[in-house]
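Chemist: Handing you a structure now.
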Amino acid sequence: MNGDYNAATASGRSPLPPGEPVLEVRDLHVEFRTRRGTLRAVNGVSWSLEPGETLAILGESGSGKSVSAQAIMGLIDSPPGFITEGEIRFRGEDLFALSEDRRRRIRGDGVAMVFQDALTALNPVFSVGWQIAETYRVHRGTSKREAYAKAAELLDRVGIPSAHERLNSYPHEFSGGMRQRAMIAMALALDPEVLIADEPTTALDVTVQAQIMDLLTELRSELGMGLVLITHDLAVVAENADRVAVMYAGRIVEEGTVSEVFTEPAHPYTLGLMHSIPPLHRRVAALDPIPGTPPNPARIPPGCPFHPRCAFARQHCREVEPPLERVGEGRASACHYWEEVKGGE
Amino acid sequence: MGRYILRRLLQMIPVLIGTTFLIYAMNFALPGDPVAALGGDRPLPQEVQDQIRERYNLDDPLLVQYAKYMGNVVQGDFGESLSVRRGQDVTEIVADTWPVTVRLALVAFVFEIVIGLAAGVVAALRRGSFVDNLVRGSTILLVSLPIFVTALVLQVAVGLRFDWIPVAGTQQGAVSYLLPGIALASVSLAYLARLTRNSLMENLRADYVRTATAKGLPRSRVVGRHALRNSMIPVVTFLAFDLGVLLSGTIVTEGIFNLNGIGGIVFDAIRQQDGTVVVGIVTMFVLVYLVANLIVDVLYAALDPRIRYE
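Residue numbers (my numbering), protein chains in the order written: chain A, 6 to 350; chain B, -9 to 300.
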């Protein structure tokens, strides 16, 4: 009734061929054309997500990690934002080649998203139950009653006590953690294959952060969905992700399994990130943060974008931008001297 | 909620006393002698003048006059007209003329809401486009023109060109309200269009609109349900406030288009120094305005659940 995509999903999706990624980003370029010049927010990012896998995209603010997620969801306002190159494939289908209507049907259904600040991300004038039910109602065309029943079920599933009574509560009547749970319930309404969580715990208290991450991890394994975890928090990555892609200046600078990347970084930026968090069991006189600040996306330095802040940098780095190269089984680094970085620790 | 309404109703009493006193005092302070004015070129005999002064308490000091007047008002007696419709009760005059004014105000209100909202929404959705620039330019023009200028332009440019559009009076039924309605609505309509445009544009950038898009809702629903509902909060406030502006606007508009409504009567009464009529009718205007604002404040809670009344 809602087109072939939904007809297929409502009755259970066809299984993906083994080894096929559920979501794939290839050579994505996004820029924002503003009056003060063109900001190159994403410069040739590629990654893929296997079903049921957690991929963390790690980076500082301005590294382009959120923008690449917004490109997947079609949330980039154009103008000023333009996707100038690349493709995004969901179940092998190029999203940019689809009609707007077909793309819309995949949003929320095949790929759903959880945002950082649930207070502003939920509509203040509609009840939480209404907002969850809306997703279900619009995509599946069910009755209001059925959609509300589903909403109650979802709220219960994400651990909101007496979910049925809370359906008519408004976002401002929820605590921060509960709002984020409601946000997750809304994203799960259509049983998506991929969930993109953009800094899902940044706006929350530390204790609540752990609860929300546990919930996400639990739901991911239970529902078998792929999770793209966008964060700047190394601890969140270490505890929850299978693989990690480290972003800097709109590029992926290092990629690999979390355990390998964290024990043996192959890029000076990753190494710097590791050194800038305080060790848990050891007193240190001073932390060793990365000197300088990330580059302005309107003026990314020539050569390796990280060279002005890099202890390993030499003349070659100022002239030639290092490509993201395979440096081991499932590992890649965009550093000319990765062997030095990896071996030198 | 009930207690809130009661409290608001009680708050109206001092507001009403204050406004009526102001109007009464201003009327009292007007230069000239209303009784002498009655006679025109031939002065009335002294006995007649004294009789009239006696009857309308015109010799009392301001406060005494006002107290006597309010005493009567509380009993539903707004006094009688001195000159405009000599001898007729103000309540009777209002009963005669209110339908014309209410129709005029309603027509203007409908024009304001339909055109103002539509222009604002279209401009916001097509930001920077030709339509947006047209809306922004024309609203500035309308806001800067006084109603009487807009009215005269409409009469000349539209009314005289099309036979079926009357330029004065109400003899031709509903179509008679077309030009006065547009003229009366013009300034408010322009404000409303700009307010709607800015409010919607701001809400279209809000996080929850992004969420609604990410949920896979059609654009029409994202805008129509999520963004628009939030944009209406300042718009409704403005509309309530604007009802008062429209009411006072009827005075000029009815005067220009020669409509036999309350506004026209006030127009004449001010010129002929018919104090009882001016004070009585303006007091009723104030009352209507206060009640309309109360209704809107109550409606707010329906529009924005973050607002609760104790």
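Glycine included, every Cβ here is placed at the ideal spot set by N, Cα and C.
Need the endpoints of the beta strand (DSSP E) that Ser51/A sits in, please.
Modeler: Taking the first sequence and counting its residues from 1, one reaches residue 51/A at position 46. Its beta strand (DSSP E) spans residues Gly42 to Leu54.
Chemist: Could you have a look at Arg336/A and say whether DSSP puts it in helix, strand or coil?
Modeler: Within the first sequence, residue 336/A is the residue found at index 331, counting from 1. Note: Arg336/A maps to strand in three-state DSSP.
Chemist: Beta strand (DSSP E) containing Phe267/A: first to last residue?
Modeler: As a position in the first sequence, residue 267/A is number 262, starting the count at 1. Premise fails: Phe267/A lies in the alpha helix (DSSP H), Val263 to Thr268, not in any beta strand (DSSP E).
Chemist: I want to see whether chain A comes within less than 8 angstroms of Asp287/B, judged by CB atoms only; does it?
Modeler: Here residue 287/B corresponds to residue number 297 of the second sequence, with the count starting at 1. Cβ-Cβ to chain A under 8 angstroms: no for Asp287/B.
Chemist: Roughly how many whole angstroms lie between the Cα atoms of Val84/B and Val225/B?
Modeler: In the second sequence, residue 84/B corresponds to position 94, counting from 1. In the second sequence, residue 225/B corresponds to position 235, counting from 1. Each residue's alpha carbon lies about 31 angstroms from the other.
Chemist: Leu68/A to Tyr153/A, Cα distance in whole Å?
Modeler: Position 63 of the first sequence, counting from 1, holds the residue named residue 68/A. Position 148 of the first sequence, counting from 1, holds the residue named residue 153/A. For clarity, residue 68/A is Ser in the given sequence; the question names Leu instead. Cα to Cα, Ser68/A sits roughly 39 angstroms from Tyr153/A.
Chemist: Taking only the alpha-carbon atoms, compute the straight-line gap between Leu200/A and Ile137/A and give it to the nearest angstrom.
Modeler: Taking the first sequence and counting its residues from 1, the one referred to as residue 200/A is at position 195. Taking the first sequence and counting its residues from 1, the one referred to as residue 137/A is at position 132. Those two C-alpha atoms are separated by around 16 angstroms.
Chemist: For Asn248/B and Ala158/B, which I take to be in contact (beta-carbon distance under 8 angstroms), what is that distance rounded to the nearest angstrom?
Modeler: Along the second sequence, read from residue 1 onward, the residue named residue 248/B stands at position 258. Along the second sequence, read from residue 1 onward, the residue named residue 158/B stands at position 168. Yes, they are in contact, since the Cβ atoms of Asn248/B and Ala158/B sit about 4 angstroms apart, within 8 angstroms.
Chemist: Counting contacts by CB-CB distance shorter than 8 angstroms, is Gly113/A in contact with chain B?
Modeler: Indexing the first sequence from 1 puts residue 113/A at position 108. Closer than 8 angstroms to some Cβ of chain B, the Cβ of Gly113/A qualifies, so yes.
Chemist: When the Cα atoms are used, what is the spatial distance from Ser73/B to Leu(-4)/B?
Modeler: Counted from its first residue, the second sequence places residue 73/B at position 83. Counted from its first residue, the second sequence places residue -4/B at position 6. C-alpha separation (whole angstroms): 39 angstroms.
Chemist: Quick one: what does DSSP say Ala117/A is sitting in, helix, strand or coil?
Modeler: Within the first sequence, residue 117/A is the residue found at index 112, counting from 1. DSSP places Ala117/A in strand when its eight states are reduced to three.
Chemist: Could you give the residue range of the beta strand (DSSP E) that holds Gly91/A?
Modeler: Here residue 91/A corresponds to residue number 86 of the first sequence, with the count starting at 1. Start and end: Gly86 to Phe95.
Chemist: Considering only the beta carbon of each residue, do Gly50/A and Gly231/A sit closer than 8 angstroms?
Modeler: Along the first sequence, read from residue 1 onward, the residue named residue 50/A stands at position 45. Along the first sequence, read from residue 1 onward, the residue named residue 231/A stands at position 226. The identity of residue 50/A in the sequence shown is Val, whereas the question assumes Gly. Their beta carbons are not under 8 angstroms apart, which means Val50/A does not touch Gly231/A by this criterion.
Chemist: Please give the ranges of any beta strand (DSSP E) in the region 166 to 249 of chain A, keeping only runs that are unbroken, at least 3 residues long and fully inside the region.
Modeler: The region 166 to 249 of chain A contains these whole beta strand (DSSP E) runs: 199 to 203 and 231 to 236.
Chemist: Between the Cα of Ser221/B and the Cα atoms of Arg76/B, Phe18/B, Leu124/B and Tyr290/B, which residue gives the shortest distance?
Modeler: Here residue 221/B corresponds to residue number 231 of the second sequence, with the count starting at 1. When only C-alpha atoms are compared, the closest one is Tyr290/B.
Chemist: Glu344/A: which of Leu228/A, Ala271/A and Thr89/A sits nearest, CA to CA?
Modeler: Within the first sequence, residue 344/A is the residue found at index 339, counting from 1. Here the closest residue by C-alpha is Ala271/A.
Chemist: Can you tell me which of the three DSSP states Arg331/A falls into?
Modeler: Working through the first sequence from its first residue, we reach residue 331/A at position 326. Three-state DSSP puts Arg331/A in a strand.
Chemist: Measure the beta-carbon distance from Ala61/A to Leu234/A and round it to whole angstroms, keeping in mind my assumption that it falls under 8 angstroms.
Modeler: Reading the first sequence from its first residue, position 56 is the one you call residue 61/A. Reading the first sequence from its first residue, position 229 is the one you call residue 234/A. With a Cβ gap of about 5 angstroms, Ala61/A and Leu234/A count as contacting.
Chemist: Given a threshold of 16 other Cβ atoms within 10 Å of its Cβ, counted over all protein chains shown, does Gly127/B qualify as buried or as exposed?
Modeler: Here residue 127/B is taken as the residue at index 137 of the second sequence, counted from 1. Exposed, because fewer than 16 other Cβ atoms sit within 10 Å of the Cβ of Gly127/B.
Chemist: Hey, is Arg320/B's beta-carbon within less than 8 angstroms of any beta-carbon in chain A?
Modeler: The question about residue 320/B has no answer, for chain B in this structure spans -9 to 300.
Chemist: My output table needs one value for Leu159/A: the three-state DSSP class, helix, strand or coil.
Modeler: Counted from its first residue, the first sequence places residue 159/A at position 154. It is helical.
Chemist: With three or more beta-carbon pairs closer than 8 angstroms as the criterion, would you say the region 115 to 128 of chain A touches the region 186 to 193 of chain A?
Modeler: Yes, they touch.
Chemist: Given a limit of 9 angstroms on CB to CB distance, which residues of the region 57 to 80 of chain A reach chain B?
Modeler: Residues passing the 9 angstroms Cβ filter: Gln75, Met78, Gly79 and Leu80.
Chemist: When the cut-off is 8 angstroms and only beta carbons count, does Met118/A lie next to chain B?
Modeler: Taking the first residue of the first sequence as 1, we reach residue 118/A at position 113. Answer yes: the Cβ-Cβ gap between Met118/A and chain B drops below 8 angstroms somewhere.
Chemist: Hey, Arg31/A and Gly97/A are a contact pair by Cβ (cut 8 angstroms); roughly how many whole angstroms apart?
Modeler: Here residue 31/A refers to the residue found at position 26 when the first sequence is read from its first residue. Here residue 97/A refers to the residue found at position 92 when the first sequence is read from its first residue. With a Cβ gap of about 12 angstroms, Arg31/A and Gly97/A do not count as contacting.
Chemist: Rounded to the nearest angstrom, what separates Ile305/A and Ala254/A at their Cα positions?
Modeler: In the first sequence, residue 305/A corresponds to position 300, counting from 1. In the first sequence, residue 254/A corresponds to position 249, counting from 1. Those two C-alpha atoms are separated by around 7 angstroms.
Chemist: Excluding the 5 residues flanking Ala282/B on each side, which residues of the same chain have their C-beta closer than 8 angstroms to its C-beta?
Modeler: What you label residue 282/B is simply residue 292 of the second sequence in a count that begins at 1. Result list for Ala282/B: Ala230, Leu233 and Gly234, in chain order.
Chemist: Beta carbon of Ala316/A, beta carbon of Arg256/A: below 8 angstroms?
Modeler: The residue labelled residue 316/A in the question sits at position 311 within the first sequence. The residue labelled residue 256/A in the question sits at position 251 within the first sequence. Not in contact: Ala316/A and Arg256/A (Cβ atoms no closer than 8 angstroms).
Chemist: Run through DSSP, which three-state label would Asn7/A get?
Modeler: Walking along the first sequence from the start, residue 7/A turns up at place 2. Reliability fails at Asn7/A, whose pLDDT of 42 lies under 50, so the model's placement of it is uncertain and no value is given.
Chemist: From Leu325/B to Met183/A, what distance separates their C-alpha atoms?
Modeler: Since the first residue of chain B shown is -9 and the last is 300, residue 325/B is not available in this structure.
Chemist: Is there at least one non-hydrogen atom of the ligand ADP closer than 7 angstroms to the beta-carbon of Pro313/A?
Modeler: Ligands are entirely absent from the displayed structure, and the ligand ADP is therefore not among its contents.
Chemist: For Ala126/A, which residues in chain B fall below 8 angstroms Cβ to Cβ?
Modeler: Within the first sequence, numbered from 1, the residue matching residue 126/A stands at position 121. Ordered by position in chain B, the residues that pass the 8 angstroms Cβ test against Ala126/A are Asp197, Tyr198, Arg200 and Thr201.
Chemist: Which runs of the alpha helix (DSSP H) at least 4 residues long sit entirely within the region -7 to 60 of chain B? Give them in chain order.
Modeler: Qualifying alpha helix (DSSP H) stretches, in chain order: 24 to 29 and 36 to 45.
Chemist: Can you give me the start and stop residues for the alpha helix (DSSP H) that Arg142/A sits inside?
Modeler: As a position in the first sequence, residue 142/A is number 137, starting the count at 1. Val133 to Arg145 is the extent of the alpha helix (DSSP H) around Arg142/A.
Chemist: Would you kindly work out how many angstroms separate the C-alpha atoms of Glu330/A and Asp293/A, rounded to a whole number?
Modeler: Against the first sequence, residue 330/A aligns to sequence position 325. Against the first sequence, residue 293/A aligns to sequence position 288. For Glu330/A and Asp293/A, the distance between alpha carbons rounds to 27 angstroms.
Chemist: Excluding the 5 residues flanking Gly335/A on each side, which residues of the same chain have their C-beta closer than 7 angstroms to its C-beta?
Modeler: Within the first sequence, numbered from 1, the residue matching residue 335/A stands at position 330. Excluding positions up to five away in sequence, the list reads Gly261 and Thr262.
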